[in-house]
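Residue numbers (UniProt numbering): 1 to 347. This report concerns only the one structure given below.
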């Protein structure tokens, strides 16, 4: 990931403490770096570490695509220590912690450590994904159920477990400083409720959005916001490798994959989160899903090379107006139901 563009001025997040769950690579790493360049202390969690090496040889690309979540990133070069070092190099403080976020006791211990070491927590970013490739092209009656359920658990259960243990500390921290709300960010894919081409992919990504909404409802009086965020077409480590390019020559992939011309680095979504964390009025956005490109227009941040990729505008120009992002009219149907009517004061 390249160094920040010289024209970018990060928000001031000095004194803030963040937890990025799934910070080893991709948007998780990009978020950790963006929070770091804003001066935050960032706990970077994941399972890939310099001190624990697997005994199995690295899988080939074709075999990796079939792998279960526990195997998909096996023996990749990225580690949480590397991410933490990059955070510190950008002016923040990176703290690597090995955590399997499917293990509730390990997550509980993590939050206890943050409480003991920092006494507060301002931002939680849930970026743990399904960590395997979906079976696009297969209908739900043709898919591998064991694999699909494992992916669902890896992408959804981890977020619930982590939010469950982090919420009390986020609430306590936000109660001490009413001027700045706490923030939970759910990283998903897409900012609409259209069909996503595969049952498990559709369920995972829409569930992440819905999770942000449900948490926002229960946090609405706690000064803690919960939102969902989608990046655009990513130039992540995995995608660059798959297209046979690097960040230095990524445009070479455009000849074969034309849509890649509108791609973005993981830092772009990370800077969107840094901007959200600095927004004193973030509670107004709580419970909704946003895109990196849309927030770039609002908060005026750029990608690592100074560009402002806009996947929504590019997609509309090439494929027509079919992304259908969730808008104000859509959210009208999300409130005013039986719970809001009968139990309006809970919690």
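Using N, Cα and C, we set each Cβ at its ideal position, and we do this for glycine too. Since this is a predicted model, take the numbers as computed values, not measurements.
Residues in its own chain within less than 8 angstroms of residue 110 by CB, not counting five upstream and five downstream? 19, 43, 45, 97, 99 and 165
Between which residues of its own chain and residue 14 is the CB-CB distance below 7 angstroms, once the five residues before and five after are set aside? Answer for residue 14: 39, listed in chain order.
Using the beta-carbon count (16 or more within 10 Å), is residue 221 buried or exposed? The residue is exposed, with fewer than 16 neighbouring Cβ atoms inside 10 Å.
Exposure of residue 359, with buried meaning 16 or more beta-carbon neighbours within 10 Å: As shown, the chain starts at 1 and ends at 347. That puts residue 359 outside it, with no answer to give.
Hey, how far is the Cα of residue 41 from the Cα of residue 34? 11 angstroms
Contact between the region 137–152 and the region 246–256 (3+ Cβ pairs under 8 angstroms): Contact between the region 137–152 and the region 246–256 is absent: fewer than 3 CB-CB pairs across the two stretches fall below 8 angstroms.
Proximity winner among 331, 171, 127 and 254, relative to residue 205 (alpha-carbon distances): 127
Which whole-angstrom value is the C-beta distance of residue 17 and residue 121, which I expect to be below 8 angstroms? 5 angstroms
Identify whether residue 3 lies in helix, strand or coil by the three-state DSSP scheme. Residue confidence is low: residue 3 scores 47 on pLDDT, short of 50, so the model does not pin down where it sits. No coordinate-derived value is stated.
Roughly how many angstroms lie between the CA atoms of residue 328 and residue 198, to the nearest whole one? 27 angstroms
Exposed or buried, residue 158, counting other C-beta atoms within 10 Å across all chains shown (16 or more means buried)? buried
Sheet register partners of residue 96 (DSSP bridge): 44
Which residues mark the beginning and the end of the beta strand (DSSP E) in which residue 30 is found? Where residue 30 is concerned, there is no enclosing beta strand (DSSP E), although the alpha helix (DSSP H) it sits in stretches over 26–37.
With a threshold of 8 angstroms, are at least 3 pairs of Cβ atoms found where one atom belongs to the region 255–268 and the other to the region 166–182? Contact fails: fewer than three Cβ-Cβ distances are below 8 angstroms.
6 angstroms CB neighbourhood of residue 79 in its chain, flanking five on each side removed: 48, 49 and 50
Please classify residue 342: is it buried, with 16 or more other beta-carbons within 10 angstroms of its beta-carbon, or exposed? The residue is exposed, with fewer than 16 neighbouring Cβ atoms inside 10 Å.
Where residue 349 and residue 142 are concerned, what is the direct C-alpha to C-alpha distance, given to the nearest angstrom? Not covered by the structure: residue 349. The range shown for the chain is 1 to 347.
Express the C-alpha separation of residue 129 and residue 115 in angstroms, rounding to a whole number. 26 angstroms
In the DSSP assignment, find the beta strand (DSSP E) that holds residue 135 and state where it starts and stops. Where residue 135 is concerned, there is no enclosing beta strand (DSSP E), given that its DSSP letter is neither H nor E.
Would you say residue 268 and residue 300 are within 8 angstroms of each other, going by their C-beta atoms? no
Can you tell me the Cα-Cα spacing of residue 293 and residue 162, whole angstroms? 27 angstroms
Coarse secondary structure for residue 13, derived from DSSP in three states: coil
Whole angstroms is fine: what's the gap from residue 282's alpha carbon to residue 181's? C-alpha of residue 282 to C-alpha of residue 181: approximately 7 angstroms in a straight line.
Mapping DSSP to helix, strand and coil, what is residue 103? coil
Give every residue of the same chain whose Cβ lies closer than 7 angstroms to the Cβ of residue 214, excluding the five residues on either side of it in the sequence, and list them in chain order. none
Please report the Cβ distance between residue 289 and residue 212, rounded to the nearest whole angstrom; I am assuming they are in contact, meaning their Cβ atoms lie under 8 angstroms. 7 angstroms
Using only CA atoms, which one of 95, 317, 320 and 156 lies nearest to residue 210? 156
Out of curiosity, what's the CA-to-CA distance linking residue 322 and residue 140? 24 angstroms
Does DSSP put residue 58 in a helix, in a strand, or in coil? Residue placement at residue 58 is flagged as unreliable, the pLDDT there being 49, under the threshold of 50; a coordinate-derived value is accordingly withheld.
Look up residue 237 in the DSSP assignment and give the residues it is bridged to. According to DSSP, which records beta bridges pairwise, residue 237 is partnered with nothing at all.
Candidates 276, 226, 108 and 90: which alpha carbon is nearest residue 29's? 90
Give me the Cα-Cα distance between residue 179 and residue 123, rounded to the nearest whole angstrom. 15 angstroms
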